[in-house]
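Residue numbers (full-length UniProt numbering): 1 to 87.
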């Protein structure tokens with residue numbers, strides 16, 4: 001008879017769990033679909049607006065030199081930060 005109690009407790013726990021998931025959004029199917037569509041439309045508008053900032057232009061150098069120049073620029077910036085931090 002020990003398994004009967006275990007079964008009852010598992011059933012109760014499962015009912016509590018299902019009741020909690022039903023309360024999660026509180027909307028009917030059509031309301032939920034409409035809310036999703038509104039959110040999707042807002043996202044489409046944001047993407048169409050192109051809110052991303054363009055990357056800074058890289059000087060017109062031959063491709064093998066570009067990474068080297070950028071590394072030097074970054075190294076100089078780190079040195080300058082270190083010098084101001086020491087003061």
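Here a beta-carbon is modelled for each residue, glycine too, at the ideal position from N, C-alpha and C.
Asked: Once you ignore the five residues that flank residue 41 on each side, which residues in its own chain have a CB closer than 8 Å to its CB?; Found: none
Asked: Which whole-angstrom value describes the C-beta separation of residue 43 and residue 35, a residue pair presumed to lie in contact below a C-beta threshold of 8 Å?; Found: Wrong, their Cβ atoms sit about 13 Å apart, outside the cutoff.
Asked: For residue 37 and residue 13, what's the separation of their Cα atoms in angstroms?; Found: 35 Å
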